[in-house]
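Under the working numbering, the first residue of the sequence shown is numbered 2, with each subsequent residue one higher.
Think of the CB as a built atom: it goes at the ideal place given N, C-alpha and C, for glycine as much as any other residue.
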Amino acid sequence: YIVSAVERNGGAQLGEDDVARACVDAWLATDGEFVKHAVQNAIPDGSTGICCILLRPATPGGRRRLMVVNVGDSRAAMVHAEGSARPLSEDHKPNRPDERARVEAAGGHVIFAGCWRVQGDLAVSRAFGDCHLKRYGVTAEPEIKTYE
């Protein structure tokens, strides 16, 4: 879905900000479709997701950049040839200060129930689906980070 959204919007001609916007739009549209399907079929669950997009250099001779688009606690890491690893994503946990503030601003509560959870239920603060928690700040709007 993300690839088709980027292609519909000009693909290789898009700048980094345009690709990020296309990803946000695609993830939110995917969530909307899943929520509709979940409601029609009484599916209470959801999912997390992550993707990495290798961006072409903005100028000839420029460096490629890697865009990481993340919702939830799926993880991406870059493993170097010598064996070291670098995390490229951060989990969207309800006790992360910025995520807690966002959930609480939406009227939700972060409660400890074995681990920190939105409304004492969901252990991530961003997800596709999980319809019953959307009104409490659970969103599929991705966090996007870009690396050289």
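Segment contact, 8 Å Cβ cut-off, at least three pairs: the segment 47-61 with the segment 69-77:
Contact annotation: the segment 47-61 touches the segment 69-77, with at least three C-beta pairs closer than 8 Å.
Once you ignore the five residues that flank His93 on each side, which residues in its own chain have a CB closer than 6 Å to its CB?
Cβ neighbours of His93 within its own chain (closer than 6 Å, five residues either side excluded): Gly73, Glu100, Val125, Ser126, Arg127.
Using the DSSP secondary-structure output, state which residues sit across from Cys118 in a beta bridge.
The sequence shown places Arg at residue 118, rather than the Cys named in the question. Ile112, per the DSSP bridge assignment.
What is the residue span of the alpha helix (DSSP H) that Val80 lies within?
Counting along the chain, Val80 falls outside any alpha helix (DSSP H), though it belongs to the beta strand (DSSP E) covering 78-80.
In the DSSP assignment, what residue or residues form a beta bridge with Val139?
Note: Val139 sits in no beta bridge, so no partner.
For the beta strand (DSSP E) that contains Cys53, what are its first and last residues?
Boundaries of the beta strand (DSSP E) around Cys53: 50-56.
Determine, using beta-carbon pairs with one atom in the segment 110-125 and one in the segment 34-41, whether at least three such pairs fall under 8 Å.
Segments in contact, no.
Mapping the DSSP letters down to three states, classify Leu67 as helix, strand or coil.
Looking at Leu67 - three-state DSSP - the assignment turns out to be strand.
Spatial distance of Gln41 from Ala86 (CA atoms)
Gln41 and Ala86 have their C-alpha atoms roughly 42 Å apart.
Contacting residues, own chain, Cβ-Cβ under 7 Å from Leu29 (five flanking each side not counted):
Same-chain partners within the cutoff: Ala141, Glu142.
When DSSP labels each residue in this structure, what does Arg87 get in the three-state scheme?
Correct three-state label for Arg87: strand.
Just curious, the beta strand (DSSP E) that Thr147 is in, first and last residue?
Looking at the DSSP string, the run of the beta strand (DSSP E) that includes Thr147 is 144-148.
Which residues does DSSP pair with Gly47 in a beta bridge?
The beta-bridge partner set that DSSP reports for Gly47 consists of Gly130.
Identify the continuous alpha helix (DSSP H) that holds Ala23 and give its terminal residues.
Unbroken alpha helix (DSSP H) run through Ala23: 17-41.
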